[in-house]
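Reading through the structure tokens given below for one structure.
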Amino acid sequence: MPSRPSGSERYNGAAIALHWLIAVLIICGFYLGWIMTDIPGFTPTKLKYFSWHKWIGVTVFALAALRMLWRATHRAPPLDDATPAWQKAAAHLVHGVLYLLMLAIPLSGYFYSSAAGIQVVYLGVVPLPTFIGPDPALKATLRTLHVLLDYTLLALVVMHVLAALKHQFVDRDGLLARMIPFLK
1 MPSRPSGSER YNGAAIALHW LIAVLIICGF YLGWIMTDIP GFTPTKLKYF SWHKWIGVTV
61 FALAALRMLW RATHRAPPLD DATPAWQKAA AHLVHGVLYL LMLAIPLSGY FYSSAAGIQV
121 VYLGVVPLPT FIGPDPALKA TLRTLHVLLD YTLLALVVMH VLAALKHQFV DRDGLLARMI
181 PFLK
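Counted the way full-length UniProt numbering counts, the sequence shown spans residues 1 to 184.
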């Protein structure tokens, strides 16, 4: 009986749960960020969306840090032996940049709020420390950085999803089943 290729191993439940929870939160945060900036003026709805957006960012930061700790102590399932070396290298690079962005985007938003003179209060209950004071020039720079990082993340997530779909439907190597609980 032939042995299973190494790429058929699955991630464990904690890794899968963190992956999908963070993914859903990022999608919600991106959507809120997109629509809240188009609302004119300072309406209660806009302020509510800004708060939710910040809470999502803080949560993504915390979960991404937890995911990185988990990943540092738990080996990821190896990619299929037939996967070309350049694809393995690209996958590792993209995953590394995704982790970096999951930390950098919330931090840039947090510092942007601080430079705008607005304290972040997590879930409306826990005030986070303010490390920088109001600074209009820094505020503009951090806003631009935050948006640039957001769109970089969007592009990488699209590449990540397209690569996963390619593996599922073109290569038919079962790679997607490693991270989706109901696929075999």
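Glycine residues also receive a C-beta, built at the ideal position from the N, C-alpha and C atoms. Source: prediction; values computed, not measured.
From the listed residues A89, R178 and I118, the smallest Cα separation to L47 is found for I118. Going by DSSP, I56 is part of the alpha helix (DSSP H) stretching over P44 to T73. Looking only at V125, M159 and M68, the smallest Cα-Cα distance to A91 is reached by M159.
Approximately 5 Å separates the beta-carbon atoms of L25 and V60; this is inside 8 Å, confirming the contact. Residue I56 holds the alpha-carbon nearest to the alpha-carbon of L21 among S108, T37, I56 and I39.
Residue pairing for V121: DSSP places it in a beta bridge opposite P127. L93 and A14 have their C-alpha atoms some 22 Å from each other. The beta carbons of K166 and G109 sit about 32 Å from each other, so the pair does not count as a contact at 8 Å. Per DSSP, A116 is not a residue of any alpha helix (DSSP H), being assigned neither H nor E. For L156, the enclosing alpha helix (DSSP H) covers residues P136 to K166.
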